[in-house]
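**Q** Residue numbers (our numbering): 6 to 150.
Backbone N, C-alpha and C define an ideal beta-carbon position, used for all residues, glycine too.
In this text, all values refer to a predicted model and were calculated from it rather than measured experimentally.
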């Protein structure tokens, strides 16, 4: 069993590493040399999809129903493969409208009203709280075993 201070030190080290990588990326962009690395952004974002909930859930699903668990992973692959023009259109729209979040994206459709953006952000926060709780539960279960 890991000590509490070890887990906290690892978490703080990981967050520090994320800040170092972000700072390095910003510096490359300012110097105009970050173009080659930009192609890695979307594939690396796919890793967000496969969090501990997906990891533990797919193992349980595979043990119960065989190859049905593959749909969890085939869906995003098909989305990026078959719907690439749609994804490209969304990315272009987000860049041209300076959209940085789902709330901004939906509010832009309705005249960039702040009330719409605030409502969408509130719904997103309320919707992600149970998901974050599941993530924390999965992490604590994996550390405890």
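What does the alpha-carbon distance come out to for the pair residue 63 and residue 137?
**A** As a working mapping, residue 63 is identified with position 58 in the chain shown. As a working mapping, residue 137 is identified with position 132 in the chain shown. Cα-Cα distance, rounded: 18 Å.
**Q** Could you round the C-beta distance between residue 123 and residue 107 to whole angstroms and report it? I think they count as a contact, below 8 Å.
**A** Stepping through the chain shown from its first residue, residue 123 is reached at position 118. Stepping through the chain shown from its first residue, residue 107 is reached at position 102. Not quite, the Cβ-Cβ distance comes to about 13 Å (not below 8 Å), so this is no contact.
**Q** For residue 59, collect the residues of the same chain with a Cβ closer than 7 Å to its Cβ; drop the 5 residues on either side in sequence, then sort them by chain order.
**A** Along the chain shown, one-based indexing puts residue 59 at 54. Counting only Cβ-Cβ distances below 7 Å, and skipping sequence neighbours, we find 77.
**Q** State the DSSP-derived secondary structure class of residue 106, mapped to helix, strand or coil.
**A** Position 101 of the chain shown, counted from the start, is the residue given in the question as residue 106. Of the three classes helix, strand and coil, the one that applies to residue 106 here is coil, per DSSP.
**Q** Indicate the three-state DSSP secondary structure (helix, strand or coil) for residue 133 in the structure shown.
**A** Along the chain shown, read from residue 1 onward, the residue named residue 133 stands at position 128. Residue 133 falls in the helix class under three-state DSSP.
**Q** Let me check understanding here. Comparing Cα to Cα, which of 110, 80, 37 lies closest to residue 94?
**A** The sequence position of residue 94 within the chain shown is 89, counting from 1. Out of 110, 80, 37, 110 has the C-alpha closest to the C-alpha of residue 94.
**Q** Can you tell me the Cα-Cα spacing of residue 170 and residue 142, whole angstroms?
**A** Shown here, the chain extends from 6 to 150; a query on residue 170 therefore has no answer.
**Q** Please state the DSSP three-state secondary structure of residue 17.
**A** The residue labelled residue 17 in the question sits at position 12 within the chain shown. Here residue 17 sits in helix by DSSP.
**Q** Could you spell out where the alpha helix (DSSP H) holding residue 85 opens and where it closes?
**A** By 1-based counting over the chain shown, the position of residue 85 is 80. It spans 76 to 87 - the alpha helix (DSSP H) in which residue 85 sits, taken as one unbroken run.
**Q** Would you kindly work out how many angstroms separate the C-alpha atoms of residue 87 and residue 145, rounded to a whole number?
**A** The residue you call residue 87 lines up with position 82 of the chain shown. The residue you call residue 145 lines up with position 140 of the chain shown. About 37 Å.
**Q** Quick one: using the 10 Å Cβ neighbour count with 16 as the cut-off for buried, is residue 16 buried or exposed?
**A** By 1-based counting over the chain shown, the position of residue 16 is 11. Residue 16 should be labelled exposed.
**Q** What did DSSP end up calling residue 29 once you bin it into helix, strand or coil?
**A** Position 24 of the chain shown, counted from the start, is the residue given in the question as residue 29. Note: residue 29 maps to helix in three-state DSSP.
**Q** How is residue 124 classed by DSSP in three states: helix, strand or coil?
**A** Locating residue 124 in the chain shown gives position 119, counting from the first residue. Correct three-state label for residue 124: helix.
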